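Student: Just dropping this structure here.
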Amino acid sequence: MKLTVVGLGYIGLPTSIMFAKHGVDVLGVDINQQTIDKLQSGQISIEEPGLQEVYEEVLSSGKLKVSTTPEASDVFIIAVPTPNNDDQYRSCDISLVMRALDSILPFLEKGNTIIVESTIAPKTMDDFVKPVIENLGFTIGEDIYLVHCPERVLPGKF
7 MKLTVVGLGY
17 IGLPTSIMFA
27 KHGVDVLGVD
37 INQQTIDKLQ
47 SGQISIEEPG
57 LQEVYEEVLS
67 SGKLKVSTTP
77 EASDVFIIAV
87 PTPNNDDQYR
97 SCDISLVMRA
107 LDSILPFLEK
117 GNTIIVESTI
127 APKTMDDFVK
137 PVIENLGFTI
147 GEDIYLVHCP
157 ERVLPGKF
């Protein structure tokens with residue numbers, strides 16, 4: 007199985023590392039070239055006990071690679087920030103989720119699974135994510151499997 011994780015922040019990077027540690031071939035993707043350069047040099051910027059050592063292990067084993075560009079995969083995880091908008095409702099800004107989704111669209115194939123791990127409002131999957139995929143001719147639940155799995159983490163407990 008090949009997994010692509012889009013967004014290498016405090017959720018996406020540890021997620022990538024742990025899947026790679028357990029034998030999955032992982033491509034971690036981030037739009038920030040400086041982040042990729044730092045990761046390729048073996049440095050992480052997340053303070054989690056033991057994470058640096060496991061990162062070095064999976065990087066040297068080749069189980070985890072990092073890039074600014076997605077590739078064909080079996081599973082895609084979108085783990086990008088959704089900051090609050092400055093409106094009266096403090097609604098989520100889903101623009102980074104949609105940008106991440108757009109980045110994987112050229113690589114989607116029948117049988118793929120897309121997991122949105124970012125925090126999003128109810129109905130975001132149905133109202134925004136699902137139509138983009140269906141516009142490519144895929145049927146959700148038959149051709150492409152779509153999952154929302156919001157992050158649940160405790161810093162220091164990777």
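Plus 6 on top of the position in the sequence shown (first one is 1) and you've got the numbering used here. The C-beta atom is built at its ideal place from N, Cα and C for all residues, glycine as well. As the structure is a computational prediction, the values presented were derived from the model and not from experiment.
I'd like to confirm the pairing. Which residues does DSSP put opposite I120 in its beta bridges?
Tutor: Indexing the sequence shown from 1 puts residue 120 at position 114. Partner(s): F82 and L152.
Student: Classify D36: buried if its beta carbon has 16 or more other beta carbons within 10 angstroms, exposed otherwise.
Tutor: Taking the sequence shown and counting its residues from 1, one reaches residue 36 at position 30. It counts as buried.
Student: Taking its Cβ as the centre, do 16 or more other Cβ atoms sit within 10 Å of P20, making it buried, or is it exposed?
Tutor: Numbered from 1 along the sequence shown, position 14 holds the residue referred to as residue 20. Flag for P20 reads buried.
Student: Which residues bound the beta strand (DSSP E) around V72?
Tutor: Looking up residue 72 in the sequence shown gives position 66. Unbroken beta strand (DSSP E) run through V72: L70 to S73.
Student: Look up G18 in the DSSP assignment and say whether it is helix, strand or coil.
Tutor: For this step, residue 18 is matched to residue 12 along the sequence shown. G18: helix per DSSP, three-state reduction.
Student: Spatial neighbours of S109 within its chain, please: CB distance less than 6 Å, with the 5 preceding and 5 following residues excluded, ordered by chain position.
Tutor: By 1-based counting over the sequence shown, the position of residue 109 is 103. The answer, listed in chain order, is P76.
Student: Pull the bridge partners of D36 from the DSSP assignment, please.
Tutor: As a first step, residue 36 is located in the sequence shown; it is residue number 30 there, counting from the start. Its beta-bridge partners do not exist; DSSP assigns none.
Student: Report buried or exposed for A26, applying the criterion of at least 16 other Cβ atoms within 10 angstroms of its Cβ.
Tutor: Here residue 26 is taken as the residue at index 20 of the sequence shown, counted from 1. Its Cβ being crowded by 16 or more others within 10 Å, A26 is buried.
Student: Measuring only the C-alpha atoms, how far is H28 from V64?
Tutor: To locate residue 28, count along the sequence shown from 1; it is residue 22. To locate residue 64, count along the sequence shown from 1; it is residue 58. If I take the Cα positions, the gap works out to 9 Å.
Student: Assign S51 to buried or exposed, taking buried as 16 or more other Cβ atoms, counted over all protein chains shown, within 10 Å of its Cβ.
Tutor: Taking the first residue of the sequence shown as 1, we reach residue 51 at position 45. With fewer than 16 other Cβ atoms within 10 Å, it is exposed.
Student: Return the chain-ordered list of same chain residues with a C-beta closer than 8 Å to the C-beta of E62, the five sequence neighbours on each side being excluded.
Tutor: As a position in the sequence shown, residue 62 is number 56, starting the count at 1. Around E62: G48.
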